[in-house]
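Note that my numbering gives residue 174 to position 38 of the sequence shown, counting from 1, and the numbers run on in steps of one. For glycine and all other residues, C-beta sits at the position ideal for the given N, C-alpha and C.
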Amino acid sequence: IVYAPPLQGCTTILFEGKPVGTPDAGTFWRVISEHKVSTLFTAPTAFRAIKKEDPEGKLIDNYDLSGFRALFLAGERADPDTIQWAEDKLNVPVYDHWWQTETGWTIAGNPVGLGALPVKYGSPTVAMPGYDIQVLDDAGHPMKKGELGNVVVKLPLPPGCLPSLWNADKRFHEAYLEEFPGY
């Protein structure tokens, strides 16, 4: 978020604050309208808060969102109800995706730039190129499709992922690589 968009010539707006109570649940819509935002990246919690304060989405009508093209949600699980509410009120695609600061980029999501896939509510859709995502039981054995387990990424990690922690190679190995060898 900090480097990639500007490196590609995209303007980035960093919003600090709450999406509600500043002064109302229309804060995001005001920022989108005033700055002609085309794509918003935020946490699902922000949209749950907006939905709670403005369940009918009436504040959206106060702003020109005609240039707004897509909403990306990350940072936590995006529940289907929140995604569907945002799609209904904003009339734009809403994409859930999963990544971590350490990975540097999306692990699983909807590859919009490669050709958007149908949204799978409750799922970030597919693994991004370069990632081999698997689900293992606690002993490190693969689980059957549909069973709950530990989500892991098979090594080697793709370019752009962290190679270690600053001055803490041992801690990196212990925290990220020991529980499931090879992942």
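Out of curiosity, what's the CA-to-CA distance linking residue i and residue j?
i	j	result
Q270	P278	7 Å
K194	A182	17 Å
Y161	K188	The question names Tyr, but residue 161 in the sequence shown is Ala. Each residue's alpha carbon lies about 9 Å from the other.
P163	G276	The residue you asked about is not Pro; residue 163 is Thr in the sequence shown. Looking at the two C-alpha atoms, the distance is approximately 46 Å.
P216	Y257	5 Å
D190	R213	21 Å
K172	I243	28 Å
P155	L207	15 Å
A304	T147	34 Å
V248	G145	18 Å
G266	P229	25 Å
E170	I219	24 Å
G282	F316	20 Å
L272	K280	9 Å
G203	L226	11 Å
E314	L253	34 Å
The alpha helix (DSSP H) that contains residue i, what's its start and end?
i	result
T163	163-170
V289	Looking at the DSSP string, V289 is not in any alpha helix (DSSP H); the run it does join, the beta strand (DSSP E), is 286-289.
How would you write the range of the beta strand (DSSP E) that residue i sits in, first residue to last?
i	result
Q270	269-272
F308	Not the beta strand (DSSP E): F308 falls in the alpha helix (DSSP H), residues 305-308.
V248	Per DSSP, V248 belongs to no beta strand (DSSP E); it is in the alpha helix (DSSP H), 248-251.
Y231	230-232
With respect to 8 Å, is the separation between the Cβ of residue i and the closest non-hydrogen atom of the ligand MG below this value?
i	result
A304	As far as ligands go, the structure on display features none, and thus does not contain the ligand MG.
Taking the alpha carbon of residue i as the reference point, which residue from the options has its own alpha carbon closest?
i	options	result
L293	N286, P260, L272, W235	W235
L262	S174, K280, S169, Y231	In the sequence under discussion, the amino acid at residue 262 is Val, which differs from the Leu named in the question. When each option's Cα is compared against that of V262, the closest is Y231.
D200	W241, V167, G282	V167
R205	F177, N303, P265	F177
Y139	W241, P260, E192, S259	W241
S259	G245, D224, G251	G245
S174	A185, R184, G157, I149	I149
D224	G153, E192, L250	E192
Spatial neighbours of residue i within its chain, please: CB distance less than 6 Å, with the 5 preceding and 5 following residues excluded, ordered by chain position.
i	result
L209	P180, D232
W221	K187
N286	L272
Leaving out five residues on either side along the sequence, give the residues of the same chain with a beta carbon under 8 Å from the beta carbon of residue i.
i	result
E238	C297, L298, Y312
L301	R307, F308, A311
CB-CB under 7 Å to residue i, same chain, minus the five flanking residues each way: which ones, in chain order?
i	result
G318	K290, L291
G295	Here residue 295 turns out to be Pro, not Gly, going by the sequence shown. For P295, where only same-chain residues beyond five positions count, there are no Cβ hits under 7 Å.
L143	none
| In chain order, which beta strand (DSSP E) runs of at least 3 residues are fully inside the region 144-227? | The region 144-227 is shown to contain whole beta strand (DSSP E) runs of 3 or more residues at 175-178, 206-209, in chain order.
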